[in-house]
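Residue numbers for the sequence shown, in my numbering: 551 to 650. Working notes for the structure below.
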Amino acid sequence: EVEAAIGGLGRNKSPGSDGITADFYISFRDLLAPVLLSLYQSMEEQRLTPGTLMLGLVSLVYKQRGDRSCLKNYRPISLLNTDYKILAKILANRLKNVIT
551 EVEAAIGGLG
561 RNKSPGSDGI
571 TADFYISFRD
581 LLAPVLLSLY
591 QSMEEQRLTP
601 GTLMLGLVSL
611 VYKQRGDRSC
621 LKNYRPISLL
631 NTDYKILAKI
641 LANRLKNVIT
């Protein structure tokens, strides 16, 4: 599941607050998948989620139209850590299997 989730990540995406890109996880999937699996299993067993896992950065992106000095011409995006995206993808796939 972890390897499949890593393989489904988009390349060339901005990283979250930890600065670790999806490209890094994809490149080192064989080494990182067992570590992430152990982390996610520990989180489930202990019912704890590290605060840093769910930490996101909000950045404003210019909409490519209008005055750059006007706030309404920007939209917010959330930059989430890739380890969180992997976990979310695993859970989404599990839910999809239950629903269908």
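The beta carbon of each residue, even a glycine, is placed where N, CA and C say it ideally should be.
Measuring CA to CA, which of Thr599, Arg597, Arg625 and Cys620 is closest to Leu610?
Taking the first residue of the sequence shown as 1, we reach residue 610 at position 60. Out of Thr599, Arg597, Arg625 and Cys620, Arg625 has the C-alpha closest to the C-alpha of Leu610.
How long is the line joining the alpha carbons of Gly606 and Ile570, rounded to whole angstroms?
Numbered from 1 along the sequence shown, position 56 holds the residue referred to as residue 606. Numbered from 1 along the sequence shown, position 20 holds the residue referred to as residue 570. C-alpha separation (whole angstroms): 13 Å.
Can you name, in chain order, every residue of its own chain whose Cβ lies under 8 Å from the Cβ of Tyr616, other than the five neighbours on each side?
Stepping through the sequence shown from its first residue, residue 616 is reached at position 66. The sequence given here has Gly at residue 616, not Tyr. Here the set comprises Lys622 and Asn623.
Using C-beta distances below 6 Å, list every residue in its chain close to Ile627, excluding the 5 sequence neighbours before and after it, in chain order.
Against the sequence shown, residue 627 aligns to sequence position 77. Excluding residues within five positions, the ones whose Cβ falls inside 6 Å are Ser609 and Val611.
Alpha carbon of Leu630 to alpha carbon of Thr599, nearest angstrom:
As a first step, residue 630 is located in the sequence shown; it is residue number 80 there, counting from the start. As a first step, residue 599 is located in the sequence shown; it is residue number 49 there, counting from the start. Using only the alpha carbons, I get a separation of about 15 Å.
Rounded C-alpha distance that separates Tyr575 from Met593:
Walking along the sequence shown from the start, residue 575 turns up at place 25. Walking along the sequence shown from the start, residue 593 turns up at place 43. Whole-angstrom Cα-Cα distance: 20 Å.
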